[in-house]
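Worksheet: one structure, shown below.
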Amino acid sequence: KQEVTQIPAALSVPEGENLVLNCSFTDSAIYNLQWFRQDPGKGLTSLLLIQSSQREQTSGRLNASLDKSSGRSTLYIAASQPGDSATYLCAVMDSGGGADGLTFGKGTHLIIQP
Amino acid sequence: DTAVSQTPKYLVTQMGNDKSIKCEQNLGHDTMYWYKQDSKKFLKIMFSYNNKELIINETVPNRFSPKSPDKAHLNLHINSLELGDSAVYFCASSHRLLTDTQYFGPGTRLTVL
Chain S
1 KQEVTQIPAA
11 LSVPEGENLV
21 LNCSFTDSAI
31 YNLQWFRQDP
41 GKGLTSLLLI
51 QSSQREQTSG
61 RLNASLDKSS
71 GRSTLYIAAS
81 QPGDSATYLC
91 AVMDSGGGAD
101 GLTFGKGTHL
111 IIQP
Chain X
1001 DTAVSQTPKY
1011 LVTQMGNDKS
1021 IKCEQNLGHD
1031 TMYWYKQDSK
1041 KFLKIMFSYN
1051 NKELIINETV
1061 PNRFSPKSPD
1071 KAHLNLHINS
1081 LELGDSAVYF
1091 CASSHRLLTD
1101 TQYFGPGTRL
1111 TVL
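So the protein lines, in turn, are chains S and X.
Numbering follows this note's numbering, in which position 54 of the first sequence is assigned residue number 54; successive positions increment by one, without gaps.
Numbering follows this note's numbering, in which position 15 of the second sequence is assigned residue number 1015; successive positions increment by one, without gaps.
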């Protein structure tokens, strides 16, 4: 059964810093990995999708990497801004999830201090 | 022009009642999903529905049943509501099962009294 772990659970940094969020998963037989952000009381916004054959994806100040063999992904946020404050969720898609949906981590709650 | 929409946004009801949550996507996607986010903010898949094939997570009680009148809709029916059903329910869709980005709706906060 797939398990997804995110470290740290919470992070608070001053504005302008670069930061890394970590995600690990137990079963490397995945189709893809997706990073989301969730704002309080809101739905999920997809940030990046990395297919199992890819090593990284970039979108603006965000860069996500995937090392499938070691079961790890990182989300790198450059030059952080207060608007980046949210909960960041990592999720993997595999065929063993019981309903072929995403298996989520518990998230990293990020606060960017102005 | 909302991609994935859900109604209602909030639902407050008594134990034992039957209720439905509606979901619609206008993205032309083939696959839709329902997820549950519990009080500890943990998200978990409940169902996926692709080309009339329903895949159910084994932990979901049979009081929950998704109904798809057409490809753009996947509604969630819940019978005999229990206190533990209180959560936020998210609908999502993707072009294809397994390989594509999933787009989430805004969520429905269900409170069972």
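Backbone N, C-alpha and C fix where the C-beta goes; we use that ideal spot for every residue, glycine too.
Note to self: Is there a Cβ of chain X sitting closer than 8 angstroms to that of S/LEU49, yes or no?
What the structure shows: Start at 1 with the first residue of the first sequence, and residue 49 of chain S comes out as number 49. So yes, S/LEU49 belongs to the interface.
Next item on the list: Starting from the N-terminal side, write out each stretch of the beta strand (DSSP E) that is 3 residues or longer and does not extend beyond the segment 1018–1080 of chain X.
Entry: Here the runs fully enclosed are 1019–1025, 1031–1037, 1043–1050, 1053–1056, 1064–1067 and 1075–1078.
Next item on the list: With X/HIS1095 as the anchor, note down where its beta strand (DSSP E) starts and where it stops.
Entry: Counting from 1 along the second sequence, the entry for residue 1095 of chain X is found at position 95. Neither: X/HIS1095 is in no beta strand (DSSP E) and is coded neither H nor E.
Note to self: Between which two residues does the beta strand (DSSP E) holding S/GLN57 run?
What the structure shows: If you number the first sequence from 1, residue 57 of chain S lands on position 57. First-last of the beta strand (DSSP E) with S/GLN57: 56–59.
Next item on the list: Taking all protein chains shown into account, decide if X/MET1015 is buried (16 or more other Cβ within 10 angstroms of its Cβ) or exposed.
Entry: Translated into positions along the second sequence, residue 1015 of chain X becomes position 15. Its Cβ having fewer than 16 others within 10 Å, X/MET1015 is exposed.
Margin query: Helix, strand or coil, according to DSSP, for S/ASP121 in the structure here?
Written below: Only positions 1 to 114 of chain S appear in the structure, and residue 121 of chain S is not among them; the question remains open.
Notebook entry, point to check: Quick one: is S/GLN54 near chain X, going by C-beta distance under 8 angstroms?
Noted result: As a working mapping, residue 54 of chain S is identified with position 54 in the first sequence. No Cβ of chain X is located within less than 8 angstroms of the beta carbon of S/GLN54.
Notebook entry, point to check: Closest by CA to X/GLY1107, which one among X/ASN1026, X/ASP1018, X/TYR1033 and X/HIS1029?
Noted result: The residue labelled residue 1107 of chain X in the question sits at position 107 within the second sequence. Ranking X/ASN1026, X/ASP1018, X/TYR1033 and X/HIS1029 by Cα distance to X/GLY1107 puts X/TYR1033 first.
Check: Just checking my contact of S/LEU62 with S/LEU33 at CB under 8 angstroms: how many whole Å lie between their CB atoms?
Finding: Position 62 of the first sequence holds residue 62 of chain S. Position 33 of the first sequence holds residue 33 of chain S. In fact, because the Cβ distance is near 14 angstroms, the residues do not count as touching under 8 angstroms.
Next item on the list: Reducing DSSP to helix, strand and coil, say where X/LEU1083 ends up.
Entry: The count along the second sequence starts at 1 and reaches residue 1083 of chain X at position 83. It is helical.
Next item on the list: Would you verify that the beta carbon of X/TYR1033 is, or is not, closer than 8 angstroms to some beta carbon of chain S?
Entry: Within the second sequence, residue 1033 of chain X is the residue found at index 33, counting from 1. Judged by the 8 angstroms Cβ criterion, X/TYR1033 is in contact with chain S.
Next item on the list: Tell me S/ASP67's beta-bridge partners as DSSP assigns them.
Entry: As a first step, residue 67 of chain S is located in the first sequence; it is residue number 67 there, counting from the start. According to DSSP, S/ASP67 bridges with S/ARG72.
Check: Which stretch, first to last residue, makes up the beta strand (DSSP E) that contains S/ALA10?
Finding: For the purposes of this step, residue 10 of chain S is taken as the residue at position 10 of the first sequence. It spans 10–14 - the beta strand (DSSP E) in which S/ALA10 sits, taken as one unbroken run.
Notebook entry, point to check: From the beta carbon of X/THR1101, is the nearest beta carbon of chain S less than 8 angstroms away?
Noted result: If you number the second sequence from 1, residue 1101 of chain X lands on position 101. So yes, X/THR1101 belongs to the interface.
Notebook entry, point to check: For X/ALA1003, which option in X/THR1013, X/PRO1069 and X/THR1101 has the closest C-alpha, if you only look at C-alpha atoms?
Noted result: For the purposes of this step, residue 1003 of chain X is taken as residue 3 along the second sequence, with counting starting at 1. Ranking the options by Cα distance to X/ALA1003, first place goes to X/THR1101.
Checklist line | Span of the beta strand (DSSP E) around S/THR45 | finding: Your numbering for residue 45 of chain S matches position 45 in the first sequence. 44–51 is the span of the beta strand (DSSP E), which, as asked, contains S/THR45.
Next item on the list: Please report the residue range of the beta strand (DSSP E) in which X/ARG1113 lies.
Entry: Residue 1113 of chain X sits at position 113 when you count from the first residue of the second sequence. The question names Arg, yet the displayed sequence has Leu at residue 1113 of chain X. Neither: X/LEU1113 is in no beta strand (DSSP E) and is coded neither H nor E.
Next item on the list: Kindly give me the distance between the Cβ atoms of X/PHE1047 and X/ILE1055, rounded to whole angstroms, as I take these residues to be in contact under 8 angstroms.
Entry: Stepping through the second sequence from its first residue, residue 1047 of chain X is reached at position 47. Stepping through the second sequence from its first residue, residue 1055 of chain X is reached at position 55. With a Cβ gap of about 7 angstroms, X/PHE1047 and X/ILE1055 count as contacting.
Notebook entry, point to check: To which residues of the same chain is X/GLN1171 closer than 7 angstroms at the C-beta, ignoring the five residues directly before and after it?
Noted result: The structure shown has nothing for residue 1171 of chain X, since chain X only spans 1001 to 1113.
Notebook entry, point to check: Relative to the alpha-carbon of S/SER24, which residue among S/ASN18, S/ASP39, S/PRO14 and S/PRO8 has its alpha-carbon at the smallest distance?
Noted result: Within the first sequence, residue 24 of chain S is the residue found at index 24, counting from 1. Out of S/ASN18, S/ASP39, S/PRO14 and S/PRO8, S/PRO8 has the C-alpha closest to the C-alpha of S/SER24.
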